Structures are given as structure tokens and as C-alpha cells.
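Oh and the sequence shown: position 136 is 149 in the numbering used here, straight run, nothing missing.
No residue lacks a Cβ here, since even glycine has one placed at the ideal position from N, Cα and C.
Given the structure is predicted, the values throughout are model-derived calculations rather than measurements.
Just below is one structure, and these are the notes that go with it.
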Amino acid sequence: MFTAAQARASDAWVMNTLGLPGLVMMENAGLAVVYAIRHTLAARPLALADADVVVVCGAGQNGGDGFVIARHLALGGAKVRVVTALPAAKIRGDAERNLQVLRGLSHVPVRDAGHELDRQVWQDLLGQPDVIVDAVFGTGLNADVQGAPAAAIAAMNACQALRVSVDVPSGLDADSGRQRGVAVRADLTVTMAARKLGFCVNPDAPVGDVVVAQLGAPAFVPPEGGPVAEWLEAAFVSQLVPRFGAGSHKGSRGHLLVIAGAPGTTGAAALCGLAGLRAGAGLVTVASTRKAQNGLDAKLAEVMSAVYAEGEDADGDSFDLVVQLSRRMKAVALGPGIPTGPGTKVLVQRLARELTLPTVIDADGLNHLGTEVAFLKEAAAPRVLTPHPGEMARLLGVTTAEVQGDRVAAARALVDKSGAVVVLKGARTLIATPLGELFINPAATAALGTAGSGDVLTGTLGALLAQGLSARDAAICGVFAHGEAALAASERLGTDRLVAGDLPLSIAQRLSSLGGARPHAG
């Protein structure tokens, strides 16, 4: 998927390096939208020749696409009207040339309404068409929508027609997926070359169904355009899932150490440990305070327990006890339900810096890190941080609203600050890596908004680290399986009735499915 800047860089590369003219790209874009409209109408069913269509155009490249669309719809037999939402005098370049060609079709009226600010007038201009094509603004929008375009968008949203947006719904920020003042609520968005980042990071972006159209050239971003974000899909994730031969056993699948739990929060530790086993770790040991261990032993069957502190807070011996435990481990999950006292804070910060095993840090483990997390760049092994928005805000020293306002920037800021792989939880969980990669998980479900679901994710990630995956690959596999498992479980139980304890078994099923449910030879 592309950011707005990457989309522009890709277009420039196609024109300047490959030599494909902008007019040809505009023609291909318009034809792709016409094809999508024809396909959509056929399912209604409504023949294109019977359709009444209004195309609302801007003055830039997006408007030029609209003029192409209007021409081909009219040539296909549709009744087409064009209204410009910016003064026609501002139309330049390839867009102007396509407007001139369109004017050659005498049966396609073009109305300049670029100075019309009254929404009611706009509603009268639109009438009651079958289809509205929104071609006002694309990826170049950099300010809130005002004036005639705002009135046009409000009128389009009030119309009962099929709303089709070209590249990006007008008024939608292509990078964040949030509206700039007002945005078209599209039923169908035909986007060019690649999905736009904002469609994916914001599950509430009003894009409707998304069709990716090709412009007759490869979609490519030059290296100076930065890494391209990836939309996680099963085919990609399945290549990363650990596979073991028929002779594998508990010792060959890795031993996970979970440092978690305190009196009153042993449930978090238990969920984390069980998830670790269900995600494939051969052995899991949960280390907690002595009092918490008593509660854990009553709750756990397959998971082993250990103690790192005799009191209710970590003490001077705790670090050495954890290091001794870790000598037979392959990975560590640190944080769910641990004590909040000063001794534990010292312990967590020291473990985060010095443990020589890959470690996932979550919950109060993150809170104990504080805001000065640059020391993690010197950590003795890879680290994965899994904050929810509130925890992310504390780590960055900003507000939760600021995090949610630009989740991508927040995730990348924490990567820059810590050097760790960062998993920013939420609808469309983000994974950001020190190499600049960004992965977006498609699952967006309220089913994960339940107590303990984050603890399950931590155990899952820890298990994948214990099985030998890199921090990046463990985050990708674990986040994808966690989201898919929640969707599957909520189909059986209902979104509002799912509890975190339902997730580990569902994660095991999803990982088995992704891994082909067959052992890897060798």
C-alpha cells in the first residue's frame, strides 16, 4: 500500500523513467473506474445504458480522471452529466485536455459550479441519479475541505445513488484515513496502483468496497520514497509459521519463560502461559511472586510455575533468580499482571536491558519501562513491545488522542526511540520494525476489546520467539493468528460474548491451518 507521497513518486517514476505519458495513465485510470461501475451495476441489476450518472470533478488529476470516466460512460450509452466543484478556469494540464475532448460530446452537459456554496443548490444540481462519481480530490489533498467542494460533498452524501470515488474519497486523508472537514462516504473506491495507507490503518474510513486498478505500468516506489507498508494476508503469513518434523517433541519446540502475575492478577499470567502452549511452545514456565505462585498452581495444569520473589515485590535476588531460570529457556514474555512496586520496576528495566533471550514486553512491563526507552537499543537480544494506545502514550510522553490521531507515526516513533519491533494494538494492529517496515493486520473486531486478550497475544508472541522465529516474523505470525482467531471465535460465540480464555484454542487452530496442518520434512 502507498502513502500519498509514495503514490505521487510512483506516478512520477512511471512517467519519467518508463516514459508512459500522463494522458495514457489518466485514460487507463478512467477506463478502470468505468469497468468497476459496469461490473457493480450488473449485480444490481442495472444496465449501463439505462443508468443516470453524475460525475463531480475537481481541477487536478482526479478531475481529469473524472472527465475520462464521463466520456466513456456516455459512449457506453449512459446518461451522463458533469459538474465541476472547483472553478473551470483552474483546470490545467492533462485534465484540461480531457475536458476539451469531453466537450466534443454534445450530449454530455458540463456545469461549472465551482463558486456555488449552497448545499441545497448542489442537491438540485445532482438530482436523483443512479450513480455519482466522485472525482474532486485525490491524494494531493492537504487541507480541510471548504467552500464549493464541501457543499458538493455534503450533497453527494445526502444522495441515495451509488457513490463511486476515484482513487480516494474526496475529503479523506490518504495517509491517516480520517476526514479533512467533510469526506465522501463511498460505496466503492477504485484506487490506483495500490491501496492507500489510510484505507488500511483506519477501519472506519468511508471507502466502501475497494478495487485496486492498474495504470498499465508496474506499481513501484523508488528507494528514496521509503519502505512500502504491507497488508497482511494468509498466503504471506503461512510462509513464516513454524513447522516441525514428525519426531519433534517438547524439547525441540522451545521453552518459554513467562514473568507475570501477582496476587489478584494471576489470571493474566495464566492466560499468557496457556496461549504460549497453544501457540506451539514445547514447555512454558510462569515465574511470579511466591504468593502469586500458589494461585497459579491452582489454575494451571500443563504450565509449570516458579518464583522470583518471596514478597509481593521483586527484591535484590530476583534478577539472579530469573537469569538462572532463563538458562534453559529460548524466549521470555515479560509483564502481564506483574507487581507495580519499585523493586519490580528495577527488575523489569534490568531484564529488558540484560536478558540474552528474545523478549516480548507487555502490560505493566511496559509501564515499568517509563519514557526513557533508548536503553533498549543496547539490549542483549531482540525485543518486541506490544502497547495498546494508552501504554503507547505513556511510552512516548504524549496523549492517547495524539497516538490515535496518527497511529503510524506513533508506532514508528517508538521504534526510533527503542530500536525494538513495535506492535501497536487496536483495530488494525500495526507492526513496525527497525528496518522501517510497516505491516497492517486486517482484523478489526470489537471481540478483542475484552480483558486478557492482550495477555493471550503476549504468550502467543513469546511462543513463536521460543520456536526460533525472529522478532519481526513472530510479531507478524502472532498478530495475524490472534486477529483471525478472534474473528473465528466471535462467529461461534458472538462478539459481545467472547472472553480471552476462548482465544488460545482458536489460535492453535488458526496456526495449524496457516502451517498446512502437516509437519515439515526434516
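Within its own chain, the residues whose Cβ lies closer than 6 Å to the Cβ of ALA327, once the five positions on either side in sequence are excluded, are GLY356, THR357 and LEU360, listed in chain order.
The beta carbon of ASP65 is closer than 7 Å to those of LYS92, PRO142 and ASP143 in its chain, skipping five residues each way along the sequence. In the three-state reduction of the DSSP assignment, HIS128 falls in the coil class, being assigned neither a helical nor a strand state. Only residues of its own chain outside the window of five on either side were considered, and among them ALA273, ALA281, ALA282, CYS285, ASP375, ALA376, ASP468 and THR471 have a CB closer than 7 Å to the CB of PRO349, listed in chain order. Taking each of ALA165, GLY403 and PRO352 in turn and checking the Cα distance to GLU323, the smallest one comes out for PRO352. Between VAL224 and VAL203, the CB-CB gap stays under 7 Å. DSSP links LEU33 through a beta bridge to no other residue. Under the three-state reduction of DSSP, ARG396 is assigned to strand. Straight-line spacing of the CA atoms in ALA55 and ALA126 works out to 31 Å. In the DSSP assignment, MET405 falls within the unbroken alpha helix (DSSP H) covering 402-409. Distance check between PHE257 and each of THR372, GLY295, ALA365 and VAL234 places GLY295 closest, using alpha-carbon atoms only. In the DSSP annotation of this structure, the continuous segment of the beta strand (DSSP E) that includes SER318 starts and ends at 317-322.
By the criterion of a C-beta distance shorter than 7 Å, GLY77 is surrounded in its chain by MET39, ASP107, ALA108 and ASN111, once the five residues flanking it on both sides are discounted. Boundaries for VAL512: no alpha helix (DSSP H) harbours it, and the DSSP string shows neither H nor E there. When DSSP assignments are scanned along the stretch 266-316, the uninterrupted stretches of alpha helix (DSSP H) that are 4 or more residues long and fall wholly within it turn out to be 279-291 and 303-312. Between the C-alpha atoms of ASP419 and LEU451 there is a straight-line separation of about 14 Å. Cβ contact annotation for VAL416 (same chain, cutoff 6 Å, sequence separation greater than five): PRO402, MET405, ALA406 and ALA423, in chain order. Scanning its chain for C-beta atoms nearer than 6 Å, with the 5 sequence neighbours on each side dropped, one finds around ALA168 the residues ARG132, TRP135, GLN136 and LEU139, in chain order. Counting only residues of its own chain and dropping the five nearest sequence neighbours on each side, SER318 has a CB closer than 8 Å to the CB of THR298, VAL299, ALA300, SER301, GLN306, LEU309 and ASP310. Between the alpha carbons of PRO216 and ILE444 lies a gap of roughly 16 Å. Within a 10 Å sphere around the beta-carbon of LYS438 sit 16 or more other beta-carbons, which makes this residue buried.
A distance below 7 Å between beta-carbons, with the five flanking residues on each side excluded, links ALA394 to the following residues of its chain, in chain order: LEU368, THR369, LEU370, PRO371 and THR372. Residue pairing by DSSP puts MET205 in a beta bridge opposite ALA226. Of the residues assessed, ASN155 falls on the exposed side of the cut-off, its CB having fewer than 16 other CB atoms within 10 angstroms.
Beta-bridge analysis with DSSP links GLU243 to PHE452.
DSSP places LEU112 in the uninterrupted alpha helix (DSSP H) bounded by 106-115. Separation of the CB atoms of LEU482 and THR399 is rounded to 15 Å, and the pair is thereby denied contact status at 8 Å. In the DSSP assignment, ASP188 forms no beta bridge with any residue. Within the same chain, Cβ atoms closer than 7 Å to the Cβ of LEU118 are found at ARG84 and ALA87, the five residues on either side in sequence being excluded. Closest by C-alpha distance to GLY507, out of ALA248, ALA479 and ALA459, is ALA459.
Less than 7 Å separates the beta-carbon of ARG266 from that of GLN480. DSSP places ALA414 in the uninterrupted alpha helix (DSSP H) bounded by 413-418. Short of 6 Å from the beta carbon of ALA440, and not among the five residues preceding or following it, lie these beta carbons of its own chain, in chain order: PRO216 and ALA457. In the three-state DSSP reduction, SER178 falls in the strand class (E or B). Contact annotation: ALA45 and ALA230 have beta-carbon atoms that are not nearer than 7 Å.
Under the three-state reduction of DSSP output, ALA346 falls in the strand class.
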